[in-house]
Structures are given as structure tokens and as C-alpha cells.
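Each residue of the sequence shown is one higher than the one before, counting from 1047 in our numbering.
Think of the CB as a built atom: it goes at the ideal place given N, C-alpha and C, for glycine as much as any other residue.
Just so you know, these numbers come straight off a predicted model, no measurement behind them.
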Amino acid sequence: MLSELINVSKSFEPQGSDVSNLILDQISLTIDEHETIAIVGPSGSGKSTLLNILGTLDHPSSGKVIINGTDVDVLDSDQLAAVRNRFIGFVFQQHHLLPQLTLIENVLLPVLPLKDKAKKKNATERAFQLIERVGLNNQIHRRPVHLSVGECQRAAVVRALINQPGLLLADEPTGSLDSVNASQLGQLLAELNREQNLAVVVVTHSLEMASRMEKIYQLTSGKLQLMDKR
């Protein structure tokens, strides 16, 4: 088991209101090694909130988040940041590449906090291998402004994988792509799941993307329900 949510709830209290809105209601979810999961549901249902809690970018109002056997409540902010950087990779709808950096420099950003020189060297070698794997080896020294949206998103995937995480979290990763690039990215994530030995959890509105995952969960009215793929 890589990650687990135990009876996680999340409430928001709108500014100027005394009434809390319950977004996530007693959700439990287990993510095993190499597993692929899609989370679907209507806009505003809390899908991104759930993914952020899984990635420790947000905190639940109640319940527990277990990462690699550790209750994240016992970790301070530095320890939590280290867990995220080492264990979890993130891909968002927007690529968030820094415009002043080249593709390879963007990919290697998560390596900067590492103190081990050998690990940094290995990460650089891994970066070139992954960049070639996603078909961007001719774009290594280009800045994002000179790349297509699809190429930037593939670069963001490589950046998410650079520290060899066990878990990749993707929030609407095809939301800014056309149908061709969206299909290619969905296929890439499915292939990398097998090649890189990592679990993938993707929040998506795309039925094609969801169908590539082993399990599909529907999030509605704060509840998470496993769907029948047949």
C-alpha cells in the first residue's frame, strides 16, 4: 500500500458565513503499488480538493492521510515537503514551467533540494532518458515559449517523475490540450505507469483518459463510489 485516506472529510466556510459546506464526506481510499485510478465527477464536486489532500498540499478537516506507512499528521512542514518531493509527483492542468528556464532546467528543478551529489548526477542522467522517452530530446534547450502546449505538458510529466516517485497525481492533465494531444498524453501516462513502476491517480473530465485507468471512482455529493467499468 502506497497511500491511504481514512474517513477523510473536508469542509469550507464561505467568507461572511457561519455555515460550513461539506465537500468531502468520510472518504476512505487505498492506493496500491502500480495501481491506476481515475476520479471523475461534476465540476465543483471536490475532485481537486481530494487530490490535493492525497498529495498533502491540503489538510482534511477530519480523518487521516497515510503516505508510505506514515501518518502525515506527525510530520512538520519540512518533513512533509521532503515526502512530497521524494515520494509524490504532480501534474496539473497548466504545466507551470518557468518561462526563463530551458526544458532541461525546468525538469531538474525538483532535484535542487537534494544534497547527495551522486543522486543529483543520476537525476540528470534520468532526465535525459525521460526526455527522450517522451519525444522531446530535440527540445532540451528550448524555453517554454518555443514549445507547443502538448510539449510543455509532456515536459511537466517528466519533471514530476524526475525523483522517481511511487505515486503520480494528475489534476485534469489534458484539460488544456486538443483531442490529439490529450489522447497521446493519456496513452503516455498509461505506459509510464508500467515502465516506471508507479501508481497513477488522475482527476479528469475525459472519459477516454478515465477508461485507461484500472479503476474509476465517481465523486458526487461528497461521497466516493467505485464504478463498474463494464
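query: The segment 1137-1149 / the segment 1199-1219 touching (three or more Cβ pairs under 8 Å); result: yes
query: Pairwise C-alpha distance: residue 1210 and residue 1047; result: 17 Å
query: Local conformation of residue 1269 per DSSP, three classes; result: strand
query: The ligand SAH heavy atom lying under 7 Å from the CB of residue 1174; result: You won't find the ligand SAH in this model; it holds no ligand whatsoever.
query: Where the alpha helix (DSSP H) through residue 1230 begins and ends; result: 1225-1241
query: Length of the line joining the Cα atoms of residue 1188 and residue 1146; result: 10 Å
query: Supposed close pair residue 1113, residue 1096 - CB separation, criterion 8 Å; result: Actually they are not in contact, since the Cβ atoms of residue 1113 and residue 1096 sit about 15 Å apart, beyond 8 Å.
query: Nearest-angstrom Cβ-Cβ length linking residue 1109 and residue 1055, presumed shorter than 8 Å; result: 6 Å
query: Inter-stretch contact (C-beta, 8 Å, three-pair minimum) for the segment 1236-1252 and the segment 1066-1085; result: yes
query: Per-residue burial, residue 1257 [other beta carbons within 10 Å of its own, 16 or more giving buried]; result: exposed
query: Bridge-paired residues (DSSP) for residue 1136; result: 1215
query: Beta carbon of residue 1101 nearer than 8 Å to that of residue 1215; result: yes
query: Among 1126, 1150, 1078 and 1186, the one whose alpha carbon lies nearest that of residue 1099; result: 1126
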